[in-house]
Amino acid sequence: MTRLIQGAGLFALAQGALAAPYVSEAQTTVSAEATFTNPAIPHTNVTSHGPYEGTPTTTGALSTKVLAPSIEPLPPGPDAYKYPADGKLHGDQPAPYTPSGGIGTNGSAPVYRVNSDFDYQSLSLALYQEWIELDLFHWGLATFSEEEFDAYNLTAEDRYLLQFMAEQEVGHATVLTNMLGPNAPKQCTYNYPVSNLREYLDFSQKLTRWGESGVYGFLPHLNSGPAAQILLQSITYPYLTRIDI
16 MTRLIQGAGL
26 FALAQGALAA
36 PYVSEAQTTV
46 SAEATFTNPA
56 IPHTNVTSHG
66 PYEGTPTTTG
76 ALSTKVLAPS
86 IEPLPPGPDA
96 YKYPADGKLH
106 GDQPAPYTPS
116 GGIGTNGSAP
126 VYRVNSDFDY
136 QSLSLALYQE
146 WIELDLFHWG
156 LATFSEEEFD
166 AYNLTAEDRY
176 LLQFMAEQEV
186 GHATVLTNML
196 GPNAPKQCTY
206 NYPVSNLREY
216 LDFSQKLTRW
226 GESGVYGFLP
236 HLNSGPAAQI
246 LLQSITYPYL
256 TRIDI
């Protein structure tokens, strides 16, 4: 009862108070041009399925002058242990609270493109992976019926997840194509080794994990740091999607 009376007293006092809204004025004005977004690459009616029936040809890998039969293992480079790593600063700071060193930290705008043969061939491999994942997810939805999904207790939400992941691959293939340029690889003819939904899901899981593992392996060796960062984002997002599942 005491608390009720105290609350009523506070309410009575509050009735006499008038609140005036405070409107703040902007101190700065920021304007920017509209961001240009590249259109998505064509991804429908651009491929086929089933065994290859034409005459196979051998084109071989691209090649220039080969300097050695293999790359010999070597000890660490001469500067591998040069930095003292004692917790102190050893170079002039380019700005307050900014330590010296780092790659791509001099203020230059990032350029999202390949910078070497290694970059180009690595991102081409990643694009082939994105292409097959894009086709695989669409193919599964078109091939297997709702009843077949229901038989494995997979609902409309699960089917939508496959569609969602396929739409992700459109974006991934688009960004890789843009970084590679006009000669970027196109989709192939695919013949999947599955005969039922269970085999399809198992194959899809293995294919995507294989692709992720391959990209994680070559990422640190790319000459283009900006391209590596974009590729890392395109690889980790589908992985996190599956963790949510």
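When we follow my numbering, the leftmost residue of the sequence shown carries the number 16, and every step to the right adds one.
C-beta atoms are modelled at their ideal positions from N, C-alpha and C, and glycine is treated no differently.
DSSP, reduced to helix, strand and coil, places Tyr205 within a strand of the structure shown. Of the candidates Gln248, Leu222, Lys221, Thr223, Gln248 places its Cα closest to the Cα of Leu234. With 16 or more other Cβ atoms from the protein chains shown falling within 10 Å of its own Cβ, Gly226 counts as buried. When secondary structure is reduced to three states using DSSP, Thr170 falls in the coil class, being assigned neither helix nor strand. Taking a C-beta distance under 8 Å as the contact criterion, Leu212 and Glu145 do not qualify as a contact pair. It is roughly 10 Å from the alpha-carbon of Leu237 to the alpha-carbon of Gln136.
Out of Tyr215, Asn206, His187, the CA that lies nearest to the CA of Leu140 is found in His187.
Its Cα nearest to that of Tyr167, the residue Leu216 stands out among Tyr67, Leu216, Pro84. A check of alpha carbon separations from Ile245 across Thr62, Thr189, Tyr143, Gly116 identifies Thr189 as the nearest. Contact between Leu151 and Ser219 holds, with the beta-carbon distance rounding to 6 Å and staying under 8 Å. Here DSSP, grouped into helix, strand and coil, assigns Thr62 to coil.
By the neighbour-count criterion, in which 16 or more other beta carbons inside 10 Å mark a residue as buried, Leu142 falls on the buried side. Relative to the Cα of Met194, the nearest Cα in the group Pro241, Ile250, Gly116, Gly92 belongs to Pro241. Val129 is classed as buried because its beta carbon has at least 16 other beta carbons within 10 Å across all chains shown. DSSP places Thr113 within a strand segment (E or B) once states are collapsed to three. Pairing Thr251 with Ser63 gives a Cβ-Cβ distance that is not under 8 Å. Taking the CA atoms as reference points, Tyr127 sits about 43 Å from Asp165.
By the neighbour-count definition (other C-beta atoms within 10 Å, threshold 16), Val81 is an exposed residue. Taking C-beta separations shorter than 7 Å and ignoring five residues to either side along the sequence, the partners of Val209 in its chain run Tyr215, Phe218, following chain order. Here Ala181 is buried. Its C-beta has 16 or more other C-beta atoms within 10 Å. The Cβ neighbour count for Gln178, taken over all protein chains shown within 10 Å, is under 16; the residue is labelled exposed.
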